Amino acid sequence: MPGYFRQRAFLELVVCLAPLGALAGCQGDILGSDSAHESTSGGSGVGGGRPSPAGAAGIAPTPPTGSSAGPQPLRRMTSIEYENTVRDLLHLNESFTSGLPADARGEGGYLLAGPVGEVDAEGLGSAADRLAGAAVAKGLPALLGCSPEGPSETSCIHQFVQSFGRRAFRRPLADKELADLEALFQTARSTLQLSTADAVALLLSAMLQAPQFLYLWERTSADDPSQGALVALNSNELGSRLSYLLWRSMPDQALFDAVDGGRLATPQDITREARRLLADPRAEDALVALVRGWFRLPSRMDDELSSSANGETAAFVKSVLRAGGSFSSLLTSPTNFVNQTLAPLYGATGVTGPELREMTINAQQRFGLLTEVSFLGTNADGAQSHPVKRGAIVFKQLLCGELPAIPANVPPPGPQQAGVSNRARFAAHSQNACAVGCHSILDPLGFAFENYDGLGRFRSMDAGQPVDASGDVELPSGEHFTFQNAGELVNQLAQSSQARDCAARQVLRLALGRKESSDDVASLTQLGSAFAGSNYDLRELFVSVVTSPSFSFRTAIAAGAGKP
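Number 679 in the working numbering belongs to position 390 of the sequence shown; there are no gaps in the numbering.
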């Protein structure tokens, strides 16, 4: 691409590349006063005119009596959301690097995007330039939807900016935004003397770097707390929130049409669209992402082992969904997906090639996600098991248990010794006075998986001693588990009321990008009831989440608070 794409003076007409905390540095044009962003099209600009709460219908949803909802933080798209969105927006199939910084796991375990630093902004700009060039290279008429020849250029670009901007920003453009983007194109044509194609590429590059594209905005005007504690998301915001939860990408045309036609204004409307999106194969990938975050499983592709284990997790979750999607099956299904890399760890024979093969190896040793290599190997200490790590995932992620702060003076377990089992090492460690509080819960839950070494291989002996995988643990909630091995614990977990309630919490955490608060109690109560009514179907849990008060409403923010 020509060097002028690095001339930020022109891009800054419509783009402010800055870390989230520094968005206040963006000057007026895009993030300006409310009055500057009133839109004659009924849409709403960032920081702009008050939105129509229910799309074209203009009917504001009313929160259920006694309901509440927590705050909704501004967040940037994650790397995978950015890549999916760009492919759907530009209809490009080529692989590319977004230039965005790596995502990190938030408090709930799910990937969240961090701030965009100066170096990241440069990488993002380079990626946007390349993507814009690739889109333009496919032909202007196909991209623009019209022919920008001669006197029709201005009207063609106006039409393109309006239609493409609506999809890129997930809402109709405000008048000021439309004018600024058209001015950028005209500046490129007249001042920089660029060809029509190159000016369109500059325009596209700018839009792919705009905060309105990169961030999932859900506050398009100043709130008025005097009008009520809750603010209803408008249907553009609901459509965006729905598609990024279930597809990790922008809305499709059918969802845009539902929004624009006022058909995303009621719980019934949201349910209809949620079921449509869940029926699409793209939803399976979003549910795999849920499970990875839920159980804090990595998605590394560093080598054949991590790549194969990662692939098995995805294939297993999808198989559970296709078989009915029950919470119990996620924990107890004996199905494995094995290739020649994983076969030796599972004790499977006759497996060759890199392709994952569905098989039941040993239903007495392998049952569900917690006995897969991905979970066992991630929560280990090299080739040795680590009951504290495994127990902590079960307690914190599967049971949503809260641990007290870890004391600074807890020593590590003693070194491995000949004739001393791993369980004995950790049992001795848990007797430390400073470790008793946490380890009385974590260790027994982790000991259940002592039949599996650090790589996930099944074993009946450890350091010359028979493995003891029994346990007895009472949770702070009063729920009690007694077991002789992992199979018995897992079966109890699959029927545990606390684990089922935690599953609902985890999907809500994914949907909101934060942990639940006291303001989400009404939603959690609704979710628990609906989850039980669906016989604990994970797909139906997503439908319940998107129709909960916490999904469609948020706490009002006082004027000036948190505004860029």
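No residue lacks a Cβ here, since even glycine has one placed at the ideal position from N, Cα and C.
Remember, predicted model here, so these are calculated numbers, not experimental data.
Checklist entry - In angstroms, rounded to a whole number, what distance separates the CA positions of phenylalanine 616 and arginine 794? => result Numbered from 1 along the sequence shown, position 327 holds the residue referred to as residue 616. Numbered from 1 along the sequence shown, position 505 holds the residue referred to as residue 794. When rounded, the distance between both Cα atoms is 13 Å.
Checklist entry - So the alpha helix (DSSP H) leucine 447 belongs to, where does it begin and stop? => result Here residue 447 corresponds to residue number 158 of the sequence shown, with the count starting at 1. Residue 447 is actually histidine in this sequence, not leucine. Start and end: 442 to 457.
Checklist entry - What three-state label does DSSP hand phenylalanine 299 in the structure shown? => result Taking the sequence shown and counting its residues from 1, the one referred to as residue 299 is at position 10. Confidence in phenylalanine 299 is poor, its pLDDT being 43 and thus under 50, which makes the residue's placement too unreliable to answer from.
Checklist entry - Around the Cβ of arginine 364, are there at least 16 other Cβ atoms within 10 angstroms (buried) or fewer (exposed)? => result For the purposes of this step, residue 364 is taken as residue 75 along the sequence shown, with counting starting at 1. Buried is the call here.
Item to check | Which listed residue (Glu466, Ala490, Arg459 and Lys465) has its alpha carbon closest to that of glycine 422 | outcome: Residue numbering aside, residue 422 sits at position 133 when the sequence shown is read from its first letter. Ranking the options by Cα distance to glycine 422, first place goes to Ala490.
Checklist entry - Just the Cα atoms here: how many angstroms apart are arginine 537 and alanine 800? => result Here residue 537 refers to the residue found at position 248 of the sequence shown. Here residue 800 refers to the residue found at position 511 of the sequence shown. Whole-angstrom Cα-Cα distance: 11 Å.
Checklist entry - Buried or exposed: where does asparagine 628 fall if 16 or more other Cβ atoms within 10 Å of its Cβ makes it buried? => result One-based indexing of the sequence shown puts residue 628 at position 339. Answer is buried; the Cβ neighbour count reaches 16.
Item to check | Assumed close pair serine 357, aspartate 732 - CB separation to whole angstroms, cut-off 8 Å | outcome: Stepping through the sequence shown from its first residue, residue 357 is reached at position 68. Stepping through the sequence shown from its first residue, residue 732 is reached at position 443. In fact, because the Cβ distance is near 38 Å, the residues do not count as touching under 8 Å.
Item to check | First and last residue of the uninterrupted beta strand (DSSP E) at arginine 646 | outcome: By one-based count along the sequence shown, residue 646 stands at place 357. Looking at the DSSP string, the run of the beta strand (DSSP E) that includes arginine 646 is 646 to 648.
Checklist entry - How would you call valine 683, buried or exposed, if buried means at least 16 neighbouring beta carbons within 10 angstroms? => result Taking the first residue of the sequence shown as 1, we reach residue 683 at position 394. Valine 683 comes out buried.
Item to check | Spatial distance of glycine 292 from glycine 528 (CA atoms) | outcome: Your numbering for residue 292 matches position 3 in the sequence shown. Your numbering for residue 528 matches position 239 in the sequence shown. For glycine 292, the pLDDT reaches just 40, beneath the cut-off of 50, and the residue's location in the model is therefore unreliable, although a value from the coordinates is still provided. In this structure, the alpha-carbon of glycine 292 lies about 38 Å from that of glycine 528.
Item to check | Short Cβ contact (8 Å threshold) for alanine 672 with aspartate 742 | outcome: Here residue 672 refers to the residue found at position 383 of the sequence shown. Here residue 742 refers to the residue found at position 453 of the sequence shown. Cβ atoms of alanine 672 and aspartate 742: closer than 8 Å.
Next on the checklist: Suppose the cutoff is 7 Å on Cβ atoms and the five residues either side in sequence are ignored; what does the same chain contact list for phenylalanine 584 look like?
Outcome noted: Sequence index remark: in the sequence shown, residue 584 carries index 295 (1-based). These residues qualify, in order along the chain: Leu658, Phe664, Ile682 and Gln686.
Checklist entry - Roughly how far, in whole angstroms, is the beta-carbon of alanine 402 from the beta-carbon of methionine 366, given that I think they are within contact range, below 8 Å? => result Reading the sequence shown from its first residue, position 113 is the one you call residue 402. Reading the sequence shown from its first residue, position 77 is the one you call residue 366. Confirmed, about 6 Å.
Checklist entry - Less than 8 Å separating the beta-carbons of leucine 429 and threonine 485? => result Working through the sequence shown from its first residue, we reach residue 429 at position 140. Working through the sequence shown from its first residue, we reach residue 485 at position 196. Their beta carbons are under 8 Å apart, which means leucine 429 touches threonine 485 by this criterion.
Checklist entry - Which of the three DSSP states, helix, strand or coil, is assigned to valine 304? => result Here residue 304 refers to the residue found at position 15 of the sequence shown. Note that valine 304 has pLDDT 44, beneath the 50 cutoff, so the model's placement of it is unreliable and the number below is only indicative. Residue state, collapsed to three classes: coil.
Next on the checklist: Need the endpoints of the beta strand (DSSP E) that threonine 476 sits in, please.
Outcome noted: For this step, residue 476 is matched to residue 187 along the sequence shown. Careful: threonine 476 lies outside any beta strand (DSSP E), inside the alpha helix (DSSP H) at 464 to 479.
Checklist entry - When the distance is taken between beta carbons, is methionine 496 closer than 8 Å to aspartate 377? => result Counting from 1 along the sequence shown, the entry for residue 377 is found at position 88. Counting from 1 along the sequence shown, the entry for residue 496 is found at position 207. It is not a contact, given that the beta carbons lie outside the stated cut-off.
Checklist entry - Mapping DSSP to helix, strand and coil, what is tyrosine 868? => result With the chain covering 290 to 853 only, the question about residue 868 has no answer from this structure.
Next on the checklist: With a threshold of 8 Å, are at least 3 pairs of Cβ atoms found where one atom belongs to the region 606 to 614 and the other to the region 821 to 831?
Outcome noted: yes
Next on the checklist: Quick check on the DSSP output: the alpha helix (DSSP H) that includes valine 832 runs from which residue to which?
Outcome noted: What you label residue 832 is simply residue 543 of the sequence shown in a count that begins at 1. Run containing valine 832: 827 to 835, per the alpha helix (DSSP H) assignment.
Checklist entry - Which whole-angstrom value is the C-beta distance of glutamate 601 and glutamate 644, which I expect to be below 8 Å? => result Reading the sequence shown from its first residue, position 312 is the one you call residue 601. Reading the sequence shown from its first residue, position 355 is the one you call residue 644. No, glutamate 601 and glutamate 644 are not in contact; Cβ-Cβ is about 12 Å, not under 8 Å.
Checklist entry - Under 8 Å between the Cβ atoms of glycine 680 and leucine 734? => result The residue labelled residue 680 in the question sits at position 391 within the sequence shown. The residue labelled residue 734 in the question sits at position 445 within the sequence shown. Closer than 8 Å, so yes.
Checklist entry - Of all the options Thr555, Leu519 and Ile559, which has the alpha carbon lying nearest to the alpha carbon of leucine 534? => result Here residue 534 corresponds to residue number 245 of the sequence shown, with the count starting at 1. With distances taken between Cα atoms, leucine 534 lies closest to Ile559.
Item to check | Reference cysteine 689, options Val835, Ala652 and Arg789, closest by Cα | outcome: As a working mapping, residue 689 is identified with position 400 in the sequence shown. Each of Val835, Ala652 and Arg789 was checked against the Cα of cysteine 689, and the nearest Cα belongs to Arg789.
Item to check | Per DSSP, cross-strand counterpart(s) of leucine 400 | outcome: For this step, residue 400 is matched to residue 111 along the sequence shown. Answer is Arg394, bridged to leucine 400.
Next on the checklist: Please state whether the Cβ-Cβ distance between serine 833 and alanine 845 is less than 8 Å.
Outcome noted: What you label residue 833 is simply residue 544 of the sequence shown in a count that begins at 1. What you label residue 845 is simply residue 556 of the sequence shown in a count that begins at 1. No, they are not a contact pair.
Checklist entry - Taking Cβ positions, are arginine 646 and phenylalanine 626 nearer each other than 8 Å? => result Translated into the one-based positions of the sequence shown, residue 646 becomes position 357. Translated into the one-based positions of the sequence shown, residue 626 becomes position 337. Going by C-beta atoms, arginine 646 is nearer than 8 Å to phenylalanine 626.
Next on the checklist: So for leucine 688, helix, strand or coil by DSSP?
Outcome noted: Within the sequence shown, residue 688 is the residue found at index 399, counting from 1. Reduced to three states, the DSSP call for leucine 688 is coil.
Checklist entry - What are the uninterrupted segments assigned as alpha helix (DSSP H) that are 4 or more residues long and contained completely in the region 499 to 543, given in chain order? => result 500 to 503 and 524 to 535
Next on the checklist: Using the three-state DSSP reduction, which class does arginine 843 fall into: helix, strand or coil?
Outcome noted: Here residue 843 refers to the residue found at position 554 of the sequence shown. Arginine 843: strand per DSSP, three-state reduction.
Next on the checklist: valine 762 and asparagine 740 - do their beta-carbons sit closer together than 8 Å?
Outcome noted: Residue 740 sits at position 451 when you count from the first residue of the sequence shown. Residue 762 sits at position 473 when you count from the first residue of the sequence shown. In terms of Cβ geometry, asparagine 740 and valine 762 do not form a close pair [threshold 8 Å].
Item to check | Completely contained alpha helix (DSSP H) runs for the region 611 to 692, where each covers 4 or more residues | outcome: For the region 611 to 692, the full-length alpha helix (DSSP H) segments reaching 4 residues or more read 616 to 621, 632 to 635, 662 to 667 and 676 to 682 along the chain.
Checklist entry - Where phenylalanine 770 and glutamine 781 are concerned, what is the direct C-alpha to C-alpha distance, given to the nearest angstrom? => result If you number the sequence shown from 1, residue 770 lands on position 481. If you number the sequence shown from 1, residue 781 lands on position 492. Spanning the two alpha carbons is a distance of roughly 7 Å.
Checklist entry - Under the DSSP definition of a beta bridge, which residues are partnered with methionine 750? => result For the purposes of this step, residue 750 is taken as residue 461 along the sequence shown, with counting starting at 1. Per the DSSP secondary-structure output, methionine 750 pairs in a beta bridge with Pro755.
Checklist entry - Alpha carbon to alpha carbon, what distance is there between glycine 406 and alanine 568? => result By one-based count along the sequence shown, residue 568 stands at place 279. By one-based count along the sequence shown, residue 406 stands at place 117. Distance between the alpha carbons of alanine 568 and glycine 406: 38 Å.
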